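Working notes, beginning with the structure itself.
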Amino acid sequence: MSQSTASQSTMMEEIARVVDYQQGWATVEVELKSACNHCASSENCGTSTIAKAFSVKTQRFSLPADKPCREGDLLKVGLPESVIIKAAALVYLLPLLGLFVFATFGHLFAAGLDLSTNAFAMIFGAIGAVIAWFIGKHLASKIEMDASPVIIAYLGQEVGVIRAHQA
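Numbering (this note's numbering), first residue to last: 12 to 178.
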């Protein structure tokens with residue numbers, strides 16, 4: 012496997028539309044898609060119906076471009092998978108760790124004071140999970156800000172369909 016193929020295989024790829032280009036920097040817009048609404052059951056799924064009800068969100072950012080771009084050009088952009096995995100681990104696993112550590116501390120604290128250990132474990136666990144979630148979210152956003160998307164391919168202008176009217 013060549014080096015360029017190997018580097019692309021570890022990238023999360025998305026199609027972005029150029030909205031502005033100035034002095035080697037392309038400002039692009041990417042539609043953020045829901046994971047829902049992409050399976051064979053989406054026509055009969057209540058969750059899919061709810062996902063369709065919310066408007067499509069877009070994210071806009073600038074990245075360096077080797078070639079000049081025009082407004083409306085499509086680019087394939089990539090972000091290393093490791094960035095997404097690290098951010099997801101921080102946001103999902105850190106709160107679990109906070110829950111268990113604080114619940115254990117609450118249990119031991121209550122046992123030392125001869126109080127209800129279950130109640131203290133639940134309260135401290137919830138507090139620990141919330142604190143750890145905020146910390147994880149903050150750290151994940153720092154990781155994502157430090158990771159810059161790169162242009163993998165220049166795809167050119169989107170091809171539209173022109174319909175001929177019969178006279």
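For glycine and all other residues, C-beta sits at the position ideal for the given N, C-alpha and C.
From a predicted model like this one, the values you see are computed outputs, not experimental measurements.
Quick one: using the 10 Å Cβ neighbour count with 16 as the cut-off for buried, is residue i buried or exposed?
i	result
S13	Note that S13 has pLDDT 39, beneath the 50 cutoff, so the model's placement of it is unreliable and the number below is only indicative. The residue in question, S13, is exposed, as its Cβ has fewer than 16 Cβ neighbours within 10 Å.
L166	exposed
F72	exposed
Indicate the three-state DSSP secondary structure (helix, strand or coil) for residue i in the structure shown.
i	result
L108	helix
E92	helix
K78	coil
G167	strand
S15	Only weak support is given to the placement of S15: the predicted model assigns it a pLDDT of 43, under 50, and the question is left unresolved by the model.
T115	helix
L86	strand
In the DSSP assignment, find the alpha helix (DSSP H) that holds residue i and state where it starts and stops.
i	result
E155	128–157
Where do the ends of the beta strand (DSSP E) carrying residue i lie?
i	result
P160	No beta strand (DSSP E) holds P160; DSSP gives it neither H nor E.
D31	22–33
Since I believe residue j is in contact with residue i (beta carbons under 8 Å), could you give me their beta-carbon distance rounded to a whole number of angstroms?
i	j	result
V29	V88	Contact flag wrong, Cβ pair sits at about 11 Å.
M250	L90	The structure shown has nothing for residue 250, since the chain only spans 12 to 178.
L119	A140	L119 to A140, Cβ: 17 Å. No contact.
I163	E24	6 Å
inquiry  = Tell me whether the region 133–145 and the region 73–85 touch, counting them as touching only if at least three CB pairs, one residue from each stretch, are closer than 8 Å.
reply    = no
query = Can at least three beta-carbon pairs, one atom from the region 28–45 and one from the region 93–107, be found at a separation below 8 Å?
reply = no
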